[in-house]
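Asks:
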Amino acid sequence: MKNAFIISFLFVMVVACSDQNFLPIEDKIILEMGETKNIPKDLRTLHFFLETEKEYPCINYTIISSGEKMDNKIKIWIDGVREEEICLTATGPAKTTIGFGGLKEEVYEFDFKVKSTKVCGTLTITSDEYQLDLESNEVIEVVNPVLVREK
744 MKNAFIISFL FVMVVACSDQ NFLPIEDKII LEMGETKNIP KDLRTLHFFL ETEKEYPCIN
804 YTIISSGEKM DNKIKIWIDG VREEEICLTA TGPAKTTIGF GGLKEEVYEF DFKVKSTKVC
864 GTLTITSDEY QLDLESNEVI EVVNPVLVRE K
């Protein structure tokens with residue numbers, strides 16, 4: 744009896760702690776670049792503001808994502824949409840922001856994976872601008888492929 748209780752308890756915990764509120768991406772991801780600058784040290788961070796094209800019933804749904812920079816390669820992965828337990832009842836897209844600080848002026852390989860699709864391209868950083876060039880695709884729409892840097 745005690746073993747049955749423990750097994751039942753563990754099953755409930757695994758089910759309760761699993762990512763039940765995880766939705767698949769069903770449409771395009773809208774990507775917009777932005778830059779922030781830390782004034783005292785002139786440190787800059789490039790931000791990728793991501794949102795779904797689809798509107799959800801709760802404005803606080805978030806895109807489950809991750810990003811990394813290794814050498815001259817930047818990768819962003821989109822895993823889905825998280826339904827939040829508390830719903831802010833206004834419709835809107837799911838959103839997230841991924842930032843990369845300390846990027847040098849150079850050309851970076853850029854990989855973006857959403858759903859089962861990998862989109863490749865380049866991110867060119869000069870003293871004047873960021874330029875994101877992605878291969879033609881059906882999953883990412885870039886609002887501002889060129890972002891003028893703050894002076």
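Residue numbering for the sequence shown follows this note's numbering, beginning at 744 and increasing consecutively. The C-beta atom is built at its ideal place from N, Cα and C for all residues, glycine as well. Quantities reported herein were computed from a predicted structural model and do not represent experimental measurements.
Would you mind stating whether F765 and I819 have Cβ atoms separated by less than 8 Å?
Replies: no
Asks: For the beta strand (DSSP E) containing P836, name the first residue and the last one.
Replies: 835 to 844
Asks: Who does V824 pair with in a DSSP beta bridge?
Replies: L766, I806
Asks: By a C-beta neighbour count over all protein chains shown, 10 Å radius and 16 as the cutoff for buried, is T839 buried or exposed?
Replies: T839 should be labelled buried.
Asks: For I878 versus K771, is the C-beta spacing smaller than 8 Å?
Replies: Correcting the residue identity first, residue 878 is Glu in this sequence and not Ile. In this structure, K771 does not lie closer than 8 Å to E878 by Cβ.
Asks: Which residues share a DSSP beta bridge with D854?
Replies: K818, C863
Asks: Enumerate, from N- to C-terminal direction, the unbroken beta strand (DSSP E) stretches of 3 or more residues contained entirely within the stretch 769 to 801.
Replies: You should have 772 to 781, 786 to 799.
Asks: With a Cβ-Cβ cutoff of 8 Å, do T860 and V882 count as a contact?
Replies: yes
Asks: Name the two residues that bound the continuous beta strand (DSSP E) containing E884.
Replies: 883 to 885
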